[in-house]
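Trainee:
Number of protein chains: 2
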Amino acid sequence: MNRIITISREFGSGGREFGRRLSENLGCAYYDQEIVQEIAKRTELSEKYVQQVIGHRPISSFPIHIGRSFRMMPDPHLEQSCSIYREQCSILREMAAKSDCVIVGRCADYILQEENPFRIFVYADMPSKMRRCREKGYEKEDLTDRELERRINAVNRSRAEYYEYCTGQKWGDHIHYDLCINTTQGTIKGIAAVVSRLFLPQPGTENE
Amino acid sequence: MNRIITISREFGSGGREFGRRLSENLGCAYYDQEIVQEIAKRTELSEKYVQQVIGHRPISSFPIHIGRSFRMMPDPHLEQSCSIYREQCSILREMAAKSDCVIVGRCADYILQEENPFRIFVYADMPSKMRRCREKGYEKEDLTDRELERRINAVNRSRAEYYEYCTGQKWGDHIHYDLCINTTQGTIKGIAAVVSRLFLPQPGTENE
Chain A
167 MNRIITISRE
177 FGSGGREFGR
187 RLSENLGCAY
197 YDQEIVQEIA
207 KRTELSEKYV
217 QQVIGHRPIS
227 SFPIHIGRSF
237 RMMPDPHLEQ
247 SCSIYREQCS
257 ILREMAAKSD
267 CVIVGRCADY
277 ILQEENPFRI
287 FVYADMPSKM
297 RRCREKGYEK
307 EDLTDRELER
317 RINAVNRSRA
327 EYYEYCTGQK
337 WGDHIHYDLC
347 INTTQGTIKG
357 IAAVVSRLFL
367 PQPGTENE
Chain B
167 MNRIITISRE
177 FGSGGREFGR
187 RLSENLGCAY
197 YDQEIVQEIA
207 KRTELSEKYV
217 QQVIGHRPIS
227 SFPIHIGRSF
237 RMMPDPHLEQ
247 SCSIYREQCS
257 ILREMAAKSD
267 CVIVGRCADY
277 ILQEENPFRI
287 FVYADMPSKM
297 RRCREKGYEK
307 EDLTDRELER
317 RINAVNRSRA
327 EYYEYCTGQK
337 WGDHIHYDLC
347 INTTQGTIKG
357 IAAVVSRLFL
367 PQPGTENE
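Here the protein sequences come in this chain order: A and B. As numbered in our numbering, the first sequence has no gaps in its residue numbers, which increase by one up to the final residue, 374. As numbered in our numbering, the second sequence has no gaps in its residue numbers, which increase by one up to the final residue, 374.
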């Protein structure tokens, strides 16, 4: 079985950079935006549209994780959400079957649970998330601190809602992860270097 | 300022062993039962009684963290709880002032917040906690699995209630910790070895 590491992350926490560095340190594949690109290709929808669907829970619909045992009124948006989710599941399973990898977001921790992934949740306090957003230029507009905080909270609320819609689990609840890392203190590079060691052989500790 | 590492831990998660190994790896002081012993000495109460008070939220009383701005009816049990908590705060501050240390439990993460401690929460899934309890002989009685599970849940509920009573914060909510570690997979020794590296100099990562 391949070693699968999934990263769930708060917007602004540096989780994407953490995942990328982890994959570099471990010399394994890294999947992030590639998942959206592949879904767009297979569904013949635009990347932007797929990204928007993946980032938001459909309005007034049954959770995907419960399944559907009865016919509902046809709802084209909902049907499209479901078909995107089906592709997302197929693509993630293909990626996991191919080689060791780090996968960022997209409910991979839940979708790939049978592969026994190592599930990491990355978060930070608000001032740190705001600082990182400004440094990385995620927000090109000239937002006030208050506006930026609202934007960060809105993105994270959407992620939480989409995750809960797909999995029935609470996003960020430690019980669903193997490691939860607060990146407020320390550098992403330094934290990634330490966490990489969890996956590399350490002399003298394997059989004790 | 000394390096203070606090460990909050679910009963059965191996958090105590983790803390001890971390202190050994870092060559720093380790405080756990010593805190109860010192409180007992200073308050002239028995260790067993102090342990019981620290492990349980007083019934029908105001949270300690809110403080008391008005006179209430005298309540000897509550007064004793408060005097134990005051000693707990003094002792923890003295320990933190003395040298680098690892402190297990006793709301040290909250009480020492001005020292900017590195706050770790250690947890595990239920089968793993049950297995560890049986291995360590925490439960000498011949409990059924169901009884042991109830016992573990009861201890952890008490810890959560006492923590919330003292701090006003939710025990185990990742936002109050720097690192949350699920010990279900891997050995405590192996995890402690990796986490120790967060506190040891790593060549090439300090200034990046």
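For every residue, glycine included, the Cβ atom is placed at its ideal position computed from N, Cα and C.
1) So if DSSP puts L345 of chain A in a beta bridge, which residue, or which two residues, is it bridged to?
2) What residues of chain B sit near L345 of chain A, judged by a beta carbon separation below 8 Å?
3) Spatial neighbours of S189 of chain B within its chain, please: CB distance less than 6 Å, with the 5 preceding and 5 following residues excluded, ordered by chain position.
4) In the DSSP assignment, what are the bridge partners of Y197 of chain B?
5) Does the contact criterion of 3 or more C-beta pairs under 8 Å hold for the segment 351-366 of chain B versus the segment 171-187 of chain B?
6) So the candidates are A:R182, A:E210 and A:M261; which of them puts its Cα closest to the Cα of K302 of chain A?
7) Going by DSSP, what residue range makes up the beta strand (DSSP E) through S174 of chain A?
8) Quick check on the DSSP output: the alpha helix (DSSP H) that includes F184 of chain A runs from which residue to which?
9) Return the residue from the list B:Q203, B:Y215, B:Y289 and B:Y251 that minimises the CA-CA distance to N319 of chain B.
10) By alpha-carbon positions, which one of B:V321, B:Y331 and B:Q335 ends up nearest to S179 of chain B?
11) Tell me whether E253 of chain B sits in a helix, a strand or coil according to DSSP, three-state version.
12) Please classify N348 of chain A: is it buried, with 16 or more other beta-carbons within 10 angstroms of its beta-carbon, or exposed?
13) For T353 of chain A, which three-state DSSP category applies?
14) Looking at C-alpha atoms only, which residue of B:C332, B:S174, B:F287 and B:D339 is the closest neighbour of C255 of chain B?
15) Using a Cβ cut-off of 7 Å (strictly closer), state whether V360 of chain A contacts chain B.
16) Less than 6 Å between the CB of T353 of chain B and some heavy atom of the ligand ADP, yes or no?
17) In whole angstroms, give me the CA-to-CA distance for M296 of chain B and D311 of chain B.
18) When the Cα of I354 of chain B is compared with those of A:G271, A:Y276 and A:L364, which residue comes out closest?
Mentor: Looking at the atomic coordinates:
1) A:I286 and B:I347
2) L345, C346, I347 and N348
3) Y196 and V268
4) B:I269
5) yes
6) Per the C-alpha coordinates, the member of A:R182, A:E210 and A:M261 positioned closest to K302 of chain A is A:R182.
7) I170 to R175
8) G181 to L192
9) Measuring C-alpha to C-alpha distances from N319 of chain B to each of B:Q203, B:Y215, B:Y289 and B:Y251 identifies B:Y289 as the nearest.
10) B:V321
11) helix
12) Per the 10 Å Cβ criterion, buried.
13) Coil.
14) B:C332
15) yes
16) Inclusion of the ligand ADP in the displayed structure is not the case, the ligand content being empty and no account of it being possible.
17) Between M296 of chain B and D311 of chain B, the C-alpha separation is close to 8 Å.
18) A:L364
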